[in-house]
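Going line by line, the protein sequences match chains A and B.
The opening residue of the first sequence carries number 168 in the numbering used here; numbering runs sequentially from there.
The opening residue of the second sequence carries number 91 in the numbering used here; numbering runs sequentially from there.
Glycine residues also receive a C-beta, built at the ideal position from the N, C-alpha and C atoms.
See structure below.
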Amino acid sequence: DSGVTQTPKHLITATGQRVTLRCSPRSGDLSVYWYQQSLDQGLQFLIQYYNGEERAKGNILERFSAQQFPDLHSELNLSSLELGDSALYFCASSVEALLTDTQYFGPGTRLTVL
Amino acid sequence: DQQVKQNSPSLSVQEGRISILNCDYTNSMFDYFLWYKKYPAEGPTFLISISSIKDKNEDGRFTVFLNKSAKHLSLHIVPSQPGDSAVYFCAASHNYGQNFVFGPGTRLSVLP
Chain A
168 DSGVTQTPKH LITATGQRVT LRCSPRSGDL SVYWYQQSLD QGLQFLIQYY
218 NGEERAKGNI LERFSAQQFP DLHSELNLSS LELGDSALYF CASSVEALLT
268 DTQYFGPGTR LTVL
Chain B
91 DQQVKQNSPS LSVQEGRISI LNCDYTNSMF DYFLWYKKYP AEGPTFLISI
141 SSIKDKNEDG RFTVFLNKSA KHLSLHIVPS QPGDSAVYFC AASHNYGQNF
191 VFGPGTRLSV LP
C-alpha cells in the first residue's frame, strides 16, 4: 500500500459524458502527478501539481483538466469523452516537485467509455 | 515518435538466473532515468534511478547501467525471483523536476 488513494476504482460511462477522478496523496506529499495508461501506449504523463499550482504539463488533451485543492487532494476532469479515453488513470505523489523524488503511485482508476 | 523504447514486450527467465531488461532513448537531452515495476491491478512502484553523471547504480539485487553514447540503459536483476514477475517500465526526463516519458514496458516472467 503506497498511501496514495484513488476513487473510484472503476468507472463506466458513455461517449460525450464528463467524469471526475479523485486522488489523495500520501500524507506530507505536496506534489501530485496524473498518468494515463492505454492498452497500446504504456504510461503517459499528463500533468503535475505542486502545492496547488500547476507545475508541469505532458500530453494532456484540452478536454482534460486537473486541479489540486488546499487540502492537497487532486481531481482530474475528463469531458466530452471518447472511446479512446478508455484507460487506466494513475495518480502519484511525491514530497517535493523534483523528479529525483520517488513518486508513489495509487492503484489507479479504470475508465471504460462505451 | 517514441522517445523511450523497450523493444522486448516480454522476457522469460529461470529463477535464480539473471534478468536483463533493456531500454533505448532518442533524446540526448534526457539526464535522469528511472525504472518502475508494475503488478496487475496495482500502480507502478519505483525501483531504481540513475542520473546521467553516473554509468551504474546498484540497489540490492537491482543494478541499472547507463551507456550515454549508445543512449541505452539496462536493468539487471540478480538473482531473479518469481516475485519479480511484473511489467517493468523505463522512464526518462530532462531538466530535473520536469515531465518525463515512459517506455511501453517489458513483461518479465520468472519461472520457478
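Beta-bridge pairing by DSSP links R277/A to H177/A, L255/A. Closest by C-alpha distance to C180/B, out of N112/B, S141/B, I108/B, R107/B, is N112/B. In this structure, the alpha-carbon of Y217/A lies about 43 Å from that of Q104/B.
Our two residues, R189/A and T135/B, have alpha carbons roughly 20 Å apart in a direct line. If you look at R193/A, you'll find it isn't in any beta strand (DSSP E); DSSP assigns it neither H nor E.
Counting only Cβ-Cβ distances below 7 Å, E132/B has contacts in chain A at P274, in chain order.
Bridge partners of V103/B according to DSSP: V200/B. In this structure, V177/B lies near R197/B, with their beta-carbon atoms less than 8 Å apart. For a Cβ distance threshold of 8 Å, residue set G133, P134 of chain B lies close to F257/A, ordered along the chain. Q173: these are the residues of the region 173 to 188 of chain A whose beta carbon lies less than 9 Å from some beta carbon of chain B, given in chain order.
Look at L250/A: its C-beta is not under 8 Å from any C-beta on chain B.
Assignment of beta-bridge partners to Y122/B by DSSP yields S141/B, S183/B. Residues of chain B with a Cβ closer than 8 Å to the Cβ of G170/A do not exist, since the nearest Cβ in that chain sits about 11 Å away. Judged by their CB atoms, L228/A and Q184/A are not nearer to each other than the 8 Å cut-off. Residue burial annotation: S191/A is buried, with at least 16 other C-beta atoms found within 10 angstroms of its C-beta. For G209/A, the enclosing beta strand (DSSP E) starts and ends at 209 to 217.
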